Amino acid sequence: MSLQAFSASRALSIGVELELQLVNTHDYDLVGAAEDLLRLVALGDKPGEIKPEMTDSMIEVSTGVCDNYGMLLEQLVGLRDTVADAARKLNIGICGGGTHPFQDWGERRIVDRPRFHHLSDLYGYLAKQFTVFGQHVHVGCPGADVALYLIHGLSRYIPHLIALSAASPFVQGHDTGFQSARLNSVFAFPLSGRAPFVETWNDFGAYFEKMTGTGVVASMKDFYWDIRPKPEFGTVEVRVMDTPLSLERAAAITAYIQALARYLVVERPIQPAEDDYLVYTFNRFQACRFGYAGTYVDPETHWHCPIADEIDASLTRIEQHAIELGVDHVLGRLRQAVREGRNGAAWLRERHAAESSLPEVVMAQCTRWMEGEVV
Amino acid sequence: MESASSLSLWPAFLPQPAFDPFLGFALALVFTALVGEVLARRAILPRVSGYALAGLVLGPLVTGWFSEVELERYRSLVDLALALLLFELGVRLDLRWFRANPWLLAASAAEAALAFLLSLGALLAFGMDWSPALLVAAIALGTSPAVVMRVTAELRAEGQVTSRLLALCALNVAYSVILFTLLLNLSRGAAGAGWLQALWQPFYLVAGSLLVAVLVVAAFALLRRLFNPASEQGVVVIFGLLLGALAILAMLKLPPILAPLLAGVLVKLRDPRPQLWARHFGSLGGVLVVALFMFSGAAVQINHFGTALLLALAVTVARTLGKLGGVVVCGRASGLSNPKSVALGLALLPLSGVALLLAYEAQLADPALGAEVLPVVACLVAVFGVLGPVVTQRALIHVQENRKGEET
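Residue numbers (the working numbering), protein chains in the order written: chain A, 1 to 375; chain B, 1001 to 1408.
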């Protein structure tokens, strides 16, 4: 099967998909309320889409194609209000976070859709273990080859994005020591990892033909890469973030990605090389495990520095582009958060130390998500 | 069991054994628990069905292991077990939900009203007098809190049908008790005991139960600062609180049903945080539950059958239709699909301990009235106490809300 042609899309347009947790308000464990929630939200109109995910305690909300941060935030708020209203009617809670702190994956049920049944049959328990919650950001590309350049360029910023969004320190009732333990569930899949180092869409097409020829993949959806091209939308999709604990952080991270993309596409500051990926898995692990305090190895200079400093430096590099996009105030708040070491994982650990009961932490997560906050 | 006279084969030089009636109770308890376990494993029945069945066998109906006198002696045990389950149920009723979803409240009113009216109609049609018919209908609109709590706990059920089942069950208990008291006293008022006194009783029931509930909640809030309710010591404290409440209720001559339920509701209303202590009712709670169902089964007696059976069957059909109808009509508007509404309606069917307690109260207040009410209710409990839990269990499994047990 040959690769679909890369659609045209407005350059640097953005879209966000967020996977959300559905919990009952009795013990704040995950609850299989997806079907009931979807039936309720199907009635009204809303910006974007609300869809089921692999197991019945997850839903995915996605915005449409947005030109700027303002439009994106508006759509996200509209989606949040829709699902929050429906959730209150059902007496359930909705929250962000990359994992549920104490759910038992064995209790999850696969949603009744052909694709999910296929994945469950193929991947066994990995399918139920995939009850993890991530943020996917789409960035519109002005062309197919640019998309590949963007993939390799953004790959250098994967640790930054992981550290900013990390919100899954607890799994099965225990502190994992990771800031983002969610990605360990993603990495379990055989087709996870990163795109091959190709620089033109033709080369990528050739790679894709080899993979489908071997029968290992049937479509682009079978790749669980950190950054993946999406030809039917004409975008690259960054899939590596945990769902942040608040909408505002999710929108801020999207603004950061948009500014980074603009910087890469306009300035072409780097020349991608295969060797860039020598440090890729190390950097990614450091971000998952230590967050802002992790070590970042620069692929070209081989210098080591804390990820927090790297994020700060990157924010300075892209400041002009942020101003052009009108998100410099948003990124300013993000910089402040990085300097103070604030991310989802830190907040969750703090709450756990204060409340010392994970169900109460999840309750706090729900309040934070459903009621919104400033940054 | 009477204490045995001397056994002829026992050697004279050894002290004569005398059978302690407690031995009978102990043996019965073990028998009941075993029946529950075996049926749970072999026939995948909920354990409480097995307990109720064992109780039926042990009661005066079949073997007569327990006589009526015995049952009275263990009444306080039954009351404590019920109080625990009602308290736990009250905590599961989140009043804030009704503000966000008024149709749910409408569904509750609809199913209770329909069950009451259809049962009343059926009883009158089959020849019962108004007074006893009203009382039986008031009992028939209820749902057994004990069965619902235990079946959902056994399945570790969670989901829309489960949450609504618990909420509607709690409301049904309240409707049933208050309406029953009102009607009982109205019938006595009509019989010449004085109208003012007749209306005073239900008011006293609600106000008195509320007062005791508030005391329990206040004590709970105070003690909560000193201990963690989710720990084992915490469970002991809660037991103590409820025993104290039961004692006060007995002093005030109030039934032990409404106050623990209201206490639970108020605890949740005050503090919406997850209340996780209920899980730990484990060991002692488990024993009490077995005893509760055993006695509920045993309370059915042989002279209850006969014409009562026909009336009970009529009420069975009527209340099933009423509950199903009420829930399904309001289902979609309250956000529940039709299959789930049907499951909810069926899950609301069990009748057990509370129904019997109310029937016995009628008998105490007016033996003639009780003689007509008790047989029908006893038959209903025999049927809905054994089969009801099975229906609830199957309904919850069918909508895939069980987290333990069969996975369809």
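Cβ atoms here follow ideal geometry from the backbone N, Cα and C, with glycine treated the same way.
Please read these numbers as outputs of a predicted model, since none were measured by experiment.
Would you say residue i reaches chain C, if we count a Cβ-Cβ gap shorter than 8 Å as a contact?
i         : result
B/Ser1163 : Within the model displayed, chain C is absent; protein chains A and B are what it includes.
Quick check: residue i and residue j, are their CB atoms within less than 8 Å of each other?
i         : j         : result
A/Ser168  : A/Gly98   : yes
B/Ser1163 : A/Asn91   : yes
B/Gly1036 : B/Phe1295 : no
A/Val111  : A/Asp56   : yes
A/Glu17   : A/His136  : yes
A/Ser246  : A/Arg115  : no
A/Leu260  : A/Leu154  : yes
B/Leu1369 : B/Pro1132 : yes
A/Pro47   : A/Gly78   : yes
B/Gly1285 : B/Leu1254 : no
B/Val1267 : B/Val1217 : yes
A/Tyr263  : A/Arg333  : no
B/Ala1343 : B/Val1161 : yes
B/Arg1273 : A/Met370  : no
So, at 7 Å on beta carbons, what are the nonlocal neighbours of residue i in its own chain, with the 5 sequence-adjacent residues on each side left out?
i         : result
A/Ala138  : It should be noted that the sequence gives His, not Ala, for residue 138 of chain A. Once the five neighbours on either side are set aside, the close Cβ partners of A/His138 are Ile14, Gly15, Lys230, Phe233, Thr235, Glu237.
A/Asn24   : Val31, Ile92
B/Leu1095 : Val1265, Leu1269
A/Gln103  : Asp29, Leu30, Thr131
B/Phe1087 : Leu1242, Pro1260, Ala1263, Gly1264
If I measure Cβ to Cβ from residue i and keep anything under 8 Å in the same chain, skipping five residues before and after, which residues do I get?
i         : result
A/Arg7    : Note that residue 7 of chain A is Ser in the sequence shown, not Arg. Answer for A/Ser7: Pro231, Glu232, Phe233, Gly234, listed in chain order.
B/Leu1039 : Leu1045, Arg1047, Ser1049, Gly1050, Leu1053
B/Ala1371 : Gln1363
A/Leu382  : The structure shown does not extend to residue 382 of chain A, since chain A is modelled only from 1 to 375, so the question has no answer here.
B/Ser1005 : In this prediction, B/Ser1005 has a pLDDT of 46, which is less than 50 and means its spatial position is unreliable; what the coordinates show is noted afterwards. Excluding sequence neighbours, B/Ser1005 sits near nothing in its chain.
May I ask which residues mark the beginning and end of the beta strand (DSSP E) holding residue i?
i        : result
A/Tyr296 : 295 to 297
A/Leu391 : Outside the displayed span of chain A (1 to 375) sits residue 391 of chain A, for which this structure offers no information.
A/Gln135 : 134 to 140
A/Lys221 : Segment: none, A/Lys221 is in no beta strand (DSSP E) and carries neither H nor E.
A/Glu60  : 58 to 62
A/Ile92  : 92 to 95
CB-CB under 6 Å to residue i, same chain, minus the five flanking residues each way: which ones, in chain order?
i         : result
B/Ala1219 : Leu1241
A/Val217  : Met211
A/Ala144  : Phe6, Trp201
B/Ala1312 : Val1376, Cys1379, Leu1380
B/Glu1111 : Lys1323, Gly1326, Val1327
A/Glu53   : Glu19, Glu60
A/Pro142  : Ala11
A/Val65   : Ser13, Gly15
Can you tell me whether residue i is buried or exposed, with buried defined as 16 or more other CB within 10 angstroms of its CB?
i         : result
A/Arg156  : buried
A/Arg194  : buried
A/Ala354  : exposed
B/Leu1434 : Limits of chain B in this structure are 1001 at one end and 1408 at the other, which puts residue 1434 of chain B out of reach.
B/Asn1338 : exposed
B/Val1354 : buried
B/Trp959  : Outside the displayed range of chain B (1001 to 1408) lies residue 959 of chain B, so it cannot be described from this structure.
B/Leu1123 : buried
B/Thr1408 : Summary for B/Thr1408: the model assigns pLDDT 34, below 50, so the residue's position carries little reliability; its value from the coordinates is reported in the next sentence. Counting Cβ neighbours within 10 Å, B/Thr1408 comes out exposed, since fewer than 16 surround it.
B/Met1251 : exposed
B/Ser1356 : First, the residue type needs correcting, since residue 1356 of chain B is Leu and not Ser in the sequence shown. With 16 or more Cβ atoms within 10 Å of its Cβ, B/Leu1356 is classed as buried.
B/Val1317 : exposed
B/Gly1335 : buried
A/Pro359  : buried
A/Ser62   : buried
B/Thr1392 : buried
Just curious, the alpha helix (DSSP H) that residue i is in, first and last residue?
i         : result
A/Gly234  : Per DSSP, A/Gly234 belongs to no alpha helix (DSSP H) and is neither H nor E.
B/Met1251 : 1232 to 1251
A/His352  : 344 to 355
A/His329  : 328 to 339
A/Ile162  : 158 to 165
B/Cys1379 : 1367 to 1398
Original post:
What residues in the region 1094 to 1118 of chain B bring their beta carbon closer than 7 Å to a beta carbon of chain A?
Top reply: Taking 7 Å as the Cβ-Cβ cut-off against chain A, the residues of the region 1094 to 1118 of chain B that qualify are Asp1094, Trp1097, Ala1100, Asn1101.
**OP:** May I ask you to list, following chain order, the residues of the region 41 to 70 of chain A that have a beta carbon less than 7 Å from some beta carbon of chain B?
**Re:** Against chain B - using a Cβ distance shorter than 7 Å - the region 41 to 70 of chain A contributes no residues.
Subject >> Near-chain A residues of the region 1390 to 1405 of chain B (beta-carbon distance less than 9 Å), N- to C-terminal order >> reply: The residues in question are Gln1400, Glu1401, Arg1403, Lys1404.
Original post:
When you check each C-beta in the region 344 to 363 of chain A against every C-beta of chain B, which residues fall closer than 7 Å?
Top reply: Here the close residues are Pro359, Glu360, Met363.
Original post:
Can you list, in chain order, the residues of the region 136 to 160 of chain A whose Cβ is nearer than 7 Å to any Cβ on chain B?
Top reply: Cβ contacts with chain B come from no residue of the region 136 to 160 of chain A.
Subject >> Near-chain B residues of the region 6 to 40 of chain A (beta-carbon distance less than 8 Å), N- to C-terminal order >> reply: Answer set for the region 6 to 40 of chain A: Asn24, Thr25, His26, Asp27, Tyr28, Asp29, Val31, Gly32, Ala33, Glu35, Asp36, Arg39, Leu40.
Original post:
Which residues, in chain order, does the region 85 to 111 of chain A contribute to contact with chain B at a C-beta distance below 7 Å?
Top reply: Among the residues of the region 85 to 111 of chain A, those with a Cβ less than 7 Å away from any Cβ of chain B are Arg88, Lys89, Leu90, Asn91, Glu107, Arg109, in the order of the chain.
Original post:
Listed from N- to C-terminal order along the chain, which residues in the region 1143 to 1173 of chain B have their beta-carbon within a distance smaller than 7 Å of any beta-carbon of chain A?
Top reply: Hits within the stretch, in order: Glu1158, Gly1159, Gln1160, Ser1163.
Original post:
For the region 1248 to 1276 of chain B, which residues have a CB atom closer than 9 Å to at least one CB atom of chain A, in sequence order?
Top reply: So the list reads Pro1272, Arg1273, Pro1274, Gln1275, Leu1276, given in the order they occur along the chain.
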